[in-house]
Amino acid sequence: MSSDAFAVEHGLDPEKMPRHVAIIMDGNGRWAKKRMLNRVRGHEQGADVVREVVRTCRRLGISVLTLFAFSTENWGRPKAEVGALMHLLRRFLASEEAEMIRTNIRFNTIGQDEMLPREVREAVNLVKDRTCGNDGMTLNLALSYGAREEITRMARQIAEAAAAGRLSPDAVTDAAVEERLYTRGMPDPDILIRTSGEMRISNFLLWQIAYAELFFPPTLWPDFSAAELMGILKAYQRRDRRFGRVN
Ligand code: FPP
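Numbering (this note's numbering), first residue to last: 4 to 250.
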């Protein structure tokens, strides 16, 4: 079934689909706590929801899906939890690679790759290489990602280019900034969703979300679903986006 037909079947207008959806997947720990389970069980359940959401976005013809899987601040969590998250990531890549290839998804990461443990980095690079020619959808996993780090890294690159005489002050434009962000070449998110009812951005895509429509559903991430995502997309299609202008 075409993505337009799939969208229509779910009550969505194919003409008004977002190009880029970004999600802060929050609430795994609280989901586990409510059930008196270890936090890691929450992350495991959360990984199943990642699968469902990736599949749904692909079927809807969304061009870019960015998921906040691990922040620069998350390195400060207990060693066992960090280890479990890294293990889950490798398991996710191993189990999803074939489907990403079959469904034409390009896998990409944003963030400090060099901070990841070697086995994770290798697994990430392998799937990136094997899917680099795909153009159905880009799945961006934000791993060891922090927007301030991304912005200071960009500023450093601009300063280096200026100091070397390769960039004049006039050439420091929005485009020059965007070229130096991890999301280079991608459209800005049209929608940012944060689950679990927390209403914070937590250092995610600070430059890119300038005009994103924000959604804060109370659902904990492991309880999130394709159906709830469709509901958010419907609400998004009803919003009046003016980008600072008048209609
Ligand atoms: C936030 O919940 C979630 C994370 C820090 C990690 C997100 C990871 C996953 C959804 C699973 C693994 C991902 C992939 C791509 C396989 P929290 O732990 O901060 O929850 P809390 O605020 O309720 O404690």
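C-beta atoms are modelled at their ideal positions from N, C-alpha and C, and glycine is treated no differently.
Check	Outcome
Residues near the ligand FPP, criterion Cβ-heavy atom distance below 5 angstroms	Met28, Asp29, Gly30, Asn31, Gly32, Arg33, His46, Gly49, Ala50, Val53, Ala72, Leu91 and Phe95
Integer-rounded CB distance, given that Val123 should sit under 8 angstroms from Leu92	6 angstroms
Those runs of the beta strand (DSSP E) which lie wholly inside the region 52–84 and span at least 3 residues	67–74
Among Gly32, Phe9, Gly49 and Leu70, the one whose alpha carbon lies nearest that of His23	Leu70
Residue from Ile26, Arg169 and Ile108 with nearest C-alpha to Pro220	Ile26
Proximity test, Cβ basis, 9 angstroms: Trp34 and chain B	No chain B is part of this structure, which consists of one protein chain only.
Coarse secondary structure for Tyr148, derived from DSSP in three states	strand
Whole-angstrom C-beta distance between Ser199 and Gly30, which should lie under 8 angstroms	3 angstroms
For Thr134, the first and last residue of its enclosing alpha helix (DSSP H)	Arg121 to Thr134
DSSP bridge partner residues for Phe207 (one or two, in chain order)	DSSP, once it has assigned bridges, lists no residue as partnering Phe207.
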